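In our numbering, the protein residues as written are 627 to 913.
Quick reminder that beta carbons are idealized off the backbone N, C-alpha and C, glycines included.
Because the structure is a prediction, the values reported are computed rather than measured.
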């Protein structure tokens with residue numbers, strides 16, 4: 627009986643958050659090791675189905691760097707990076723498109739449906755909703771077919787969420803001339819969240835959030851204002867690879883998204899714990 631009461635108390639705690647976020651849009655970026663961990667991915671997708679079931683409107687955007695590297699190796703193509711971005715020549719682009727717009731996009735959609743949800747994959751192979759252009763770079767740093775999202779077909783995405791379906795899209799865009807481009811998944815997710823005026827943008831990461839000591843998971847900072855985050859960057863608490871992610875969060879907040887979360891996607895049911903509990907499990911950055 628005590629166990630049953632504890633479960634009921636958990637539901638009561640969640641009720642306030644469910645009411646608050648009902649009818650709002652949340653953009654979730656999936657990438658990194660999460661896509662390579664079938665069990666972790668399954669729990670994330672179960673969380674997504676729960677979110678939709680209680681009235682939220684989740685939208686998924688995924689990368690797939692590790693899967694791309696494996697496919698390139700099978701094709702005998704050596705991966706090439708400049709300043710952390712994948713150089714995407716014509717042969718690499720063909721592999722990227724097959725993996726992102728084909729294999730992964732379809733697999734994630736099918737898994738949601740297998741778990742009892744409703745989802746639709748949006749890509750060049752079905753209905754494309756991300757449009758853009760070649761990413762401007764210095765002449766000596768040409769990245770090939772790497773792009774940036776400049777326009778999002780909001781009507782298509784919102785139309786699907788209004789009919790209780792979860793849109794799933796890869797981090798790629800199409801130029802005005804029909805050329806396809808590989809896009810950084812973080813920046814693509816930012817563009818989608820801004821276009822939809824999302825309540826939340828959630829980055830599923832390999833770390834549990836922003837830490838006062840980056841080596842100690844127990845020093846996580848659960849809530850940060852924009853000013854506090856900038857000060858932590860200035861004082862060096864936020865450093866190295868976390869700086870561009872937090873700066874991206876701050877930029878997104880300045881363009882209409884209300885809250886940005888960084889959470890560990892490997893933690894079982896991390897989405898539900900972050901959204902529907904008072905303390906959360908990751909870092910929430912707000913204005």
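query = Within the chosen definition, does the segment 715-735 reach the segment 745-765 through at least 3 CB pairs nearer than 8 Å?
reply = yes
key: Simplified DSSP assignment, three categories, for residue 820   = Position 194 of the chain shown, counted from the first residue, corresponds to residue 820. Three-state DSSP puts residue 820 in a helix.
task = Determine the direct distance from the alpha carbon of residue 904 to that of residue 803, and round the result to whole angstroms.
result = Counted from its first residue, the chain shown places residue 803 at position 177. Counted from its first residue, the chain shown places residue 904 at position 278. Each residue's Cα considered, the two are about 48 Å apart.
key: Beta-ladder partner(s) of residue 773, from DSSP   = In the chain shown, counting from the first residue as 1, residue 773 sits at position 147. Its beta-bridge partners are 760.
key: Local conformation of residue 647 per DSSP, three classes   = Residue numbering aside, residue 647 sits at position 21 when the chain shown is read from its first letter. Helix, per DSSP.
Given residue 837 as reference, the closest of 707, 865, 708, 823 once Cα atoms are compared = Counting from 1 along the chain shown, the entry for residue 837 is found at position 211. Among 707, 865, 708, 823, the Cα nearest to that of residue 837 is on 865.
Backbone CA spacing between residue 711 and residue 628 [nearest angstrom] = What you label residue 711 is simply residue 85 of the chain shown in a count that begins at 1. What you label residue 628 is simply residue 2 of the chain shown in a count that begins at 1. For residue 711 and residue 628, the distance between alpha carbons rounds to 52 Å.
ask   = Considering only C-alpha positions, which residue in the set 742, 783, 772 is nearest to residue 668?
value = Stepping through the chain shown from its first residue, residue 668 is reached at position 42. For residue 668, the nearest C-alpha among the options comes from 742.
Nearest residue (CA-CA) to residue 685, options 764, 793, 636, 840 = The sequence position of residue 685 within the chain shown is 59, counting from 1. That would be 793, whose Cα lies nearest to the Cα of residue 685.
ask   = Taking the Cβ atom as the reference point for each residue, do residue 826 and residue 884 lie within a distance shorter than 9 Å?
value = Position 200 of the chain shown, counting from 1, holds the residue named residue 826. Position 258 of the chain shown, counting from 1, holds the residue named residue 884. The answer is yes: Cβ separation under 9 Å.
Close beta carbons around residue 777, own chain, < 6 Å, minus the five adjacent residues each side = By 1-based counting over the chain shown, the position of residue 777 is 151. 757.
key: Neighbourhood of residue 650 by C-beta, 8 Å cutoff - its chain only, sequence neighbours within 5 removed   = The residue labelled residue 650 in the question sits at position 24 within the chain shown. Counting only Cβ-Cβ distances below 8 Å, and skipping sequence neighbours, we find 682, 683, 824, 825, 826.
request  = Provide the residue span of the beta strand (DSSP E) that contains residue 726, from first to last.
outcome  = Translated into positions along the chain shown, residue 726 becomes position 100. Neither: residue 726 is in no beta strand (DSSP E) and is coded neither H nor E.
Simplified DSSP state of residue 809, which is helix, strand or coil = Numbered from 1 along the chain shown, position 183 holds the residue referred to as residue 809. Residue 809 falls in the coil class under three-state DSSP.
ask   = What residues match up with residue 830 in a beta bridge as DSSP calls it?
value = Working through the chain shown from its first residue, we reach residue 830 at position 204. Paired residues: 889.
inquiry  = Going by DSSP in three states, residue 840 sits in which element: helix, strand or coil?
reply    = The sequence position of residue 840 within the chain shown is 214, counting from 1. Of the three classes helix, strand and coil, the one that applies to residue 840 here is coil, per DSSP.
query = Among 770, 873, 881, 912, which one has its Cα closest to the Cα of residue 850?
reply = For the purposes of this step, residue 850 is taken as residue 224 along the chain shown, with counting starting at 1. Answer by Cα proximity: 912.
ask   = Is the number of C-beta pairs between the segment 890-897 and the segment 866-876 that are closer than 8 Å three or more?
value = no
request  = Note down, in chain order, each residue of its chain lying with its Cβ closer than 6 Å to the Cβ of residue 781, except the 5 sequence neighbours on either side.
outcome  = Here residue 781 corresponds to residue number 155 of the chain shown, with the count starting at 1. No residues qualify anywhere along the chain.
query = Excluding sequence positions up to five away, which residues of its chain have a Cβ less than 8 Å from the Cβ of residue 607?
reply = With the chain covering 627 to 913 only, the question about residue 607 has no answer from this structure.
query = In angstroms, rounded to a whole number, what distance separates the CA positions of residue 680 and residue 790?
reply = Taking the first residue of the chain shown as position 1, residue 680 is located at position 54. Taking the first residue of the chain shown as position 1, residue 790 is located at position 164. Near 10 Å, if we compare the C-alpha coordinates of residue 790 and residue 680.
request  = Go ahead and label residue 631 buried or exposed: buried means 16 or more other beta carbons lie within 10 angstroms of its beta carbon, across all protein chains shown.
outcome  = Here residue 631 refers to the residue found at position 5 when the chain shown is read from its first residue. Answer is exposed; the Cβ neighbour count stays below 16.
ask   = Thinking C-beta only, is residue 891 closer than 9 Å to residue 670?
value = The residue labelled residue 670 in the question sits at position 44 within the chain shown. The residue labelled residue 891 in the question sits at position 265 within the chain shown. A contact, by the Cβ cut-off of 9 Å.
request  = Inspect the beta-carbon positions of residue 812 and residue 690 and report whether they are closer than 9 Å.
outcome  = Locating residue 812 in the chain shown gives position 186, counting from the first residue. Locating residue 690 in the chain shown gives position 64, counting from the first residue. No, these two residues do not count as a Cβ contact at 9 Å.
request  = Find the nearest neighbour of residue 848 within the set 822, 901, 809, 879, judged by alpha-carbon distance.
outcome  = The residue given as residue 848 occupies position 222 in the chain shown. Among 822, 901, 809, 879, the Cα nearest to that of residue 848 belongs to 901.
ask   = Does DSSP classify residue 781 as helix, strand or coil?
value = The residue given as residue 781 occupies position 155 in the chain shown. Three-state result, residue 781: helix.
task = Between the Cα of residue 739 and those of 642, 641, 676, spot the shortest distance and give me the residue it belongs to.
result = Within the chain shown, the letter at position 113 stands for residue 739. Among 642, 641, 676, the Cα nearest to that of residue 739 is on 676.
message = If distances are taken between C-alpha atoms only, which option among 709, 722, 708, 807 comes closest to residue 701?
response = Numbered from its first residue, the chain shown carries residue 701 at position 75. Closest by alpha carbon: 722.
query = Mind checking residue 773: buried by the 16 CB within 10 Å criterion, or exposed?
reply = Locating residue 773 in the chain shown gives position 147, counting from the first residue. With 16 or more other Cβ atoms within 10 Å, it is buried.
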